[in-house]
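Right, one structure below, let's go through it.
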Amino acid sequence: MSFEGQPTAQSHPSLPTDAGWLTGPDRVVTMNGLDFASSWMPTDNDPSNKAPYEFQLEVPDNLMAAANGELVEKQPTEGGTAYIFRSEEMAAYLASVNVFDKEKYTTTKVGDNFEVIHPKGAEERVRKSFARHEEMMELLSEKLGPYPFSTYSAIVTDLPADKERLR
6 MSFEGQPTAQ
16 SHPSLPTDAG
26 WLTGPDRVVT
36 MNGLDFASSW
46 MPTDNDPSNK
56 APYEFQLEVP
66 DNLMAAANGE
76 LVEKQPTEGG
86 TAYIFRSEEM
96 AAYLASVNVF
106 DKEKYTTTKV
116 GDNFEVIHPK
126 GAEERVRKSF
136 ARHEEMMELL
146 SEKLGPYPFS
156 TYSAIVTDLP
166 ADKERLR
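Residue numbering for the sequence shown follows the numbering used here, beginning at 6 and increasing consecutively.
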């Protein structure tokens with residue numbers, strides 16, 4: 006399925022802020038929960054319905070993009086960059102599309118295979134906050150079973166409802 010549109014945020018009486026497609030002057034992030042993926046892509050919001058996803062994001066030169074799965078292609082375009090991410094099967098509420106200003110956000114590698122996208126200047130806080138992530142993942146795997154995806158990373162933003170979130 007291929008689609009395009011003009012997504013917007015949605016409000017919900019149980020949330021202190023909007024959800025779904027969230028924008029700011031230097032970023033776009035998605036915050037879905039079980040109900041809000043349908044605010045920016047076609048889905049029935051049923052967590053038992055799973056599918057692989059391919060996200061094709063084209064952004065201007067001053068921005069960077071991130072989404073679920075593996076970055077399988079990154080190509081320059083006229084005035085920007087095209088990113089293609091492919092994910093394993095997942096429920097729609099887990100889908101995450103993110104765009105950040107390169108001047109304000111960066112990526113820090115924590116451990117062998119864990120990356121965190123975050124505001125510049127927060128490297129020390131990120132390293133401290135995620136210092137035990139490998140230990141945490143091992144414990145959760147022991148208690149709940151193996152992590153169901155081949156990649157694991159996080160995004161830290163300055164949005165009130167989205168301070169720390171897995172992608």
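The C-beta atom is built at its ideal place from N, Cα and C for all residues, glycine as well. Small disclaimer: the values here were computed from a predicted structure and weren't measured.
- Residue range 110-114 is occupied by the beta strand (DSSP E) that includes residue 114, with no alpha helix (DSSP H) assigned at that position.
- Taken in chain order, the whole beta strand (DSSP E) runs of length 3 or more contained in the stretch 13-93 are 24-29, 32-36, 59-65, 68-72, 75-82 and 85-91.
- Bounds of the beta strand (DSSP E) holding residue 120 are 120-124.
- The stretch 27-37 makes contact with the stretch 91-102: 3 or more CB pairs, one atom from each, lie closer than 8 Å.
- Of the candidates 106, 54 and 59, the residue whose Cα lies closest to the Cα of residue 29 is 106.
- As computed with DSSP, residue 102 is found in a beta bridge with 72.
- With fewer than 16 neighbouring CB atoms inside 10 Å of its own CB, residue 141 falls in the exposed class.
- A contact between stretches requires three or more CB pairs, one per stretch, nearer than 8 Å, and the stretch 15-28 fails this requirement with the stretch 54-66.
- Under the criterion of beta carbons closer than 8 Å, residue 155 and residue 78 do not qualify as touching, at roughly 17 Å.
- Counting C-beta pairs closer than 8 Å gives fewer than three between the stretch 37-46 and the stretch 67-82, which falls short of the contact rule.
- Between residue 89 and residue 122, the CB-CB gap reaches or exceeds 8 Å.
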